[in-house]
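Numbering (the working numbering), first residue to last: 40 to 242.
A virtual CB, placed ideally from N, CA and C, is assigned to each residue, including glycine.
Working notes for the structure below.
Below you can see the structure in the form of structure tokens.
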């Protein structure tokens with residue numbers, strides 16, 4: 040009888056673990072529909088009547104974000120961003136919120152596939168006992184006398200990778216796990232729960 044109940048409990052747990060990803064996807068779709076799609080269409084209905092087509096609000100948001108991204112990609116857009124940044128940093132209370140948002144944006148930019156914000160993801164050795172931390176190589180330089188290579192690395196904090204610290208380490212003190220910046224960022228945000236286990240070098 041004991042083995043029977045253990046079997047039932049084991050199957051229930053396996054079933055729960057199997058449907059969790061599906062439930063999260065359904066929850067994400069529901070949140071997108073409730074928080075974005077509905078609200079965008081309700082906002083537009085204040086100006087003109089819009090047919091309530093599921094997904095139309097999300098599509099309009101994506102088109103708007105694409106247009107904004109296109110605008111800030113040119114010189115005028117960069118100047119506008121600098122102006123907004125200067126204003127946001129000078130207004131009391133707003134500067135705190137703006138700084139948090141900017142840190143989050145910088146963290147997300149690590150996985151922007153359209154630009155090389157970071158060259159690669161590495162593991163930095165902290166001591167000889169094998170303690171290492173994930174980091175992103177931002178730049179590199181060489182010692183003109185010895186020819187030794189050094190890395191400028193960003194060591195982000197978990198679970199908010201928008202903040203962290205920058206340090207200079209020897210290239211020999213780093214390990215290349217074969218991760219992409221996106222995979223490394225996922226591992227940091229999930230505090231190690233999500234790791235690229237299909238890579239040659241794994242935790």
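For residue 235, which residues in the same chain have their Cβ closer than 7 Å to its Cβ, ignoring the five residues on either side in sequence? Correct list, in chain order: 218, 222.
Bridge partners of residue 96, per DSSP? Answer is none; residue 96 lacks a bridge partner.
Go ahead and label residue 49 buried or exposed: buried means 16 or more other beta carbons lie within 10 angstroms of its beta carbon, across all protein chains shown. Residue 49 should be labelled exposed.
With DSSP collapsed to three states, give me the class of residue 235. For residue 235, the secondary structure class from DSSP, reduced to helix, strand or coil, is coil.
Is the distance from the Cβ of residue 161 to the Cβ of residue 213 below 8 Å? In this structure, residue 213 lies closer than 8 Å to residue 161 by Cβ.
Using a Cβ-Cβ cut-off of 6 Å (strictly less than) and excluding sequence neighbours within five positions of residue 197, which residues of its own chain qualify? Residues 227, 230 of the same chain have their beta carbon placed closer than 6 Å to that of residue 197, with the five preceding and five following residues left out of the count.
Residue 81: first and last residue of the uninterrupted alpha helix (DSSP H) it sits in: In the DSSP assignment, residue 81 falls within the alpha helix (DSSP H) that extends over 77–83.
Distance, Cα to Cα, residue 170 vs residue 74? Cα-Cα distance, rounded: 42 Å.
Which residues bound the alpha helix (DSSP H) around residue 226? Per DSSP, the continuous alpha helix (DSSP H) segment holding residue 226 begins and ends at 220–228.
Going by beta carbon distance, what residues of the same chain come within less than 6 Å of residue 210, once the five residues before and after it are set aside? Excluding residues within five positions, the ones whose Cβ falls inside 6 Å are 188, 190.
For residue 203, report the span of its beta strand (DSSP E) as first-last. Run containing residue 203: 203–209, per the beta strand (DSSP E) assignment.
Using 8 Å as the threshold, is the C-beta distance between residue 194 and residue 176 below it? No, these two residues do not count as a Cβ contact at 8 Å.
Reference residue 81; option with closest CA among 99, 232, 66, 42: For the residues 99, 232, 66, 42, the minimum Cα distance to residue 81 belongs to 99.
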